[in-house]
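*Asks:*
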Amino acid sequence: MAFTPIASSVAFVADSTVGLSPEAAKARGIHLVPQQVVWKERTFRDLLEITPEEVVRLLERGEHLTTSQVAPEDLRKAYEALLKTHERVVSVHVSGKLSGTVATALSVAQDFGGRVKVVDSWSLNGGLLLVLEEARRLLATGTPWERLEEALAPYRERVLGFVLPRTLTYLHRSGRISGMKHLVGSLLRILPVLEVRGGEVVPGPRVRGFAEGLKKVAELFRRQFPKGALAYVAHVGNPEGARALAEAVRAEGVELQGTLFAGAAVSVHAGPGTVALFAGERR
7 MAFTPIASSV AFVADSTVGL SPEAAKARGI HLVPQQVVWK ERTFRDLLEI
57 TPEEVVRLLE RGEHLTTSQV APEDLRKAYE ALLKTHERVV SVHVSGKLSG
107 TVATALSVAQ DFGGRVKVVD SWSLNGGLLL VLEEARRLLA TGTPWERLEE
157 ALAPYRERVL GFVLPRTLTY LHRSGRISGM KHLVGSLLRI LPVLEVRGGE
207 VVPGPRVRGF AEGLKKVAEL FRRQFPKGAL AYVAHVGNPE GARALAEAVR
257 AEGVELQGTL FAGAAVSVHA GPGTVALFAG ERR
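Heads up, our numbering is the position in the sequence shown plus 6, with the first residue counted as 1.
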């Protein structure tokens, strides 16, 4: 991607829930700050001290993992380094309703005299990436720095995510569903399609089995984006499921931008095998 002089004067930061490797993020001109993964009272910086593959293996072994927000010192170091080579920084993060990262970033940004703008993506993973790229597009096409959040708001509100777990086990383990729902759902092979909208994860329709779930995600996409959209597919250790989901939605007018790993937060709460689709309007 070629950056205009206006855009290149601004550095873009995202937390690791965006679902890109450090190398892929760098190629897109995005600087990553790590969320944190907690295992056995030890904290690991996502992507730097623990890989997505290691997270999946630990979960499949039955280990209990949790996640935590980006550390303030990691944000501060990133802003300080980038402001030596750029005029400003746009820092886009996982929804403030799902993580404390936005609040922490806002607090840290106060020390940089208005040169750091923190944006709540109201999403995560591919949705976060879509919001960040729209912010880049707006600045490159002349949106004033002071009006960026106002200009970005209508697009951000229409970015949606659909998350399909492979099993109810991890939703139960993380406290997202009760023991009875887990038991009944497992017996009947009932799975929820979780929707990411307005910064929250809300329960969507229930389906009978994973294959039906893939069709339901494609149907939901078609209903919400009848004129097509830009979208990212993501998965938790399930590339085959991601390919099947991509095939299911490609016929619905989707312009797939790529496949992401779902990230530690989705992995811990929804579990290995999960697939997801994040979509936003074409611009």
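Glycine included, every Cβ here is placed at the ideal spot set by N, Cα and C.
Nothing here was measured: the structure is a model prediction, and the numbers come from that model.
Should G215 be labelled buried (16 or more other beta-carbon atoms within 10 Å of its own) or exposed?
*Replies:* Here residue 215 is taken as the residue at index 209 of the sequence shown, counted from 1. Exposed, because fewer than 16 other Cβ atoms sit within 10 Å of the Cβ of G215.
*Asks:* Within 10 angstroms of its Cβ, does E156 collect 16 or more other Cβ (buried), or is it exposed?
*Replies:* Taking the sequence shown and counting its residues from 1, one reaches residue 156 at position 150. Label assigned to E156: exposed.
*Asks:* Going by the beta-carbon positions, is the gap between L282 and A270 smaller than 8 Å?
*Replies:* On the sequence shown, residue 282 is found 276 positions in, with the first residue counted as 1. On the sequence shown, residue 270 is found 264 positions in, with the first residue counted as 1. Note on residue identity: the sequence assigns Ala, not Leu, to residue 282. Contact flag unset, no.
*Asks:* How long is the line joining the alpha carbons of D52 and E93, rounded to whole angstroms?
*Replies:* Counting from 1 along the sequence shown, the entry for residue 52 is found at position 46. Counting from 1 along the sequence shown, the entry for residue 93 is found at position 87. Approximately 28 Å between the Cα atoms of the pair.
*Asks:* Grouping DSSP H, G and I as helix and E and B as strand, with all else coil, what is L283?
*Replies:* On the sequence shown, residue 283 is found 277 positions in, with the first residue counted as 1. Strand at L283.
*Asks:* Determine whether the beta carbon atoms of G102 and D126 lie at a separation below 8 Å.
*Replies:* The residue you call residue 102 lines up with position 96 of the sequence shown. The residue you call residue 126 lines up with position 120 of the sequence shown. Yes, these two residues count as a Cβ contact at 8 Å.
*Asks:* In the DSSP assignment, what residue or residues form a beta bridge with T1?
*Replies:* The structure shown does not extend to residue 1, since the chain is modelled only from 7 through 289, so no value can be given for it.
*Asks:* Once the 5 residues before and after A141 are set aside, which same chain residues still bring their CB inside 8 Å of it?
*Replies:* Counted from its first residue, the sequence shown places residue 141 at position 135. Its chain contains F18, V96, V98, V125, L154, L158 as the residues whose beta carbon lies nearer than 8 Å to that of A141, once the 5 sequence neighbours on both sides are disregarded; these appear in chain order.
*Asks:* With C-beta atoms as the reference, is P40 less than 8 Å away from D80?
*Replies:* Against the sequence shown, residue 40 aligns to sequence position 34. Against the sequence shown, residue 80 aligns to sequence position 74. Contact: yes.
*Asks:* Closest to K222 by C-alpha separation, out of L54, L262, V169, G259, would be which residue?
*Replies:* To locate residue 222, count along the sequence shown from 1; it is residue 216. The residue with the shortest Cα to Cα distance from K222 is V169.
*Asks:* Return the residue from the list Y85, V207, E258 that minimises the CA-CA distance to V16.
*Replies:* Position 10 of the sequence shown, counted from the start, is the residue given in the question as residue 16. Considering only alpha carbons, the answer is Y85.
*Asks:* Taking buried to mean at least 16 other C-beta atoms within 10 Å of its own C-beta, is V260 buried or exposed?
*Replies:* Start at 1 with the first residue of the sequence shown, and residue 260 comes out as number 254. V260 is buried by the Cβ-count criterion.
*Asks:* Residues bridged to K32 by DSSP?
*Replies:* As a position in the sequence shown, residue 32 is number 26, starting the count at 1. DSSP, once it has assigned bridges, lists no residue as partnering K32.
*Asks:* Would DSSP call S105 helix, strand or coil?
*Replies:* Within the sequence shown, numbered from 1, the residue matching residue 105 stands at position 99. Three-state result, S105: coil.
*Asks:* In the structure shown, what three-state DSSP assignment does G264 receive?
*Replies:* Position 258 of the sequence shown, counted from the first residue, corresponds to residue 264. Here G264 sits in strand by DSSP.
*Asks:* Can you confirm whether the stretch 32-51 touches the stretch 67-83 when touching is taken to mean that 3 or more C-beta pairs between the two stretches lie within less than 8 Å?
*Replies:* yes
*Asks:* Give the DSSP bridge partners of P78, in chain order.
*Replies:* On the sequence shown, position 72 is the one that residue 78 refers to. The partner list for P78 (beta bridge, DSSP) is empty, contrary to what the question assumes.
*Asks:* Helix, strand or coil for P160, going by three-state DSSP, please let me know.
*Replies:* What you label residue 160 is simply residue 154 of the sequence shown in a count that begins at 1. Here P160 sits in helix by DSSP.
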